[in-house]
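These notes concern the structure reproduced below.
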Amino acid sequence: MENVDKKVEDKLKNFDDEKKEDILANFEKFKSYLGSKVEIGEKMGLSEERLAQITEKVAGYLAKNEDPKNREEYVLQELWKVGDKEEQHMLAHMLLKMVRKDS
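So this is what it looks like as structure tokens:
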């Protein structure tokens with residue numbers, strides 16, 4: 001699974017700025033994008049826990065490196081910042097639940 005972690009980190013670091021801005025500019029687009037990536041992970045056979053770990057990695061990266069582009073992202077970033085490791089992990093599970101509900 002370290003290979004998956006490496007791919008996620010590489011993808012985040014090398015993400016096209018224009019595409020990233022487009023995805024983050026609208027919360028519905030962000031949820032749709034995340035939902036499509038979750039679907040791919042599920043088709044690859046990744047467990048709920050593994051998907052949550054990857055979601056944590058993405059959320060941590062966004063909280064640290066990106067300014068929120070809308071109210072929803074701002075609230076998520078603030079929740080992420082005040083949460084401890086366990087709370088961040090639960091938030092990752094909740095994000096997964098949210099994007100699945102919308103797909």
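In the UniProt record's numbering, the protein residues as written are 1 to 103. Note that beta-carbon positions come from the ideal geometry of N, C-alpha and C, so glycine has one too. Please read these numbers as outputs of a predicted model, since none were measured by experiment.
Which residue from E9, F27, D22 and N3 puts its Cα closest to that of M98? Taking only the C-alpha atoms, the option nearest M98 is F27.
Three CB pairs or more closer than 8 Å across the segment 64-76 and the segment 19-37: yes
Pairwise C-alpha distance: K81 and L34: 20 Å
Nearest-angstrom Cβ-Cβ length linking H89 and E56, presumed shorter than 8 Å: 6 Å
Can you check whether the CB of A92 is closer than 7 Å to the CB of A52? yes
For N26, three-class secondary structure by DSSP: coil
So, using beta-carbon positions, are I40 and V8 closer together than 7 Å? no
Give me the residue from V38, L76, E87 and L46 with the minimum Cα distance to K101. V38
Could you give the distance in angstroms between the alpha-carbon of K20 and the alpha-carbon of E66? 10 Å
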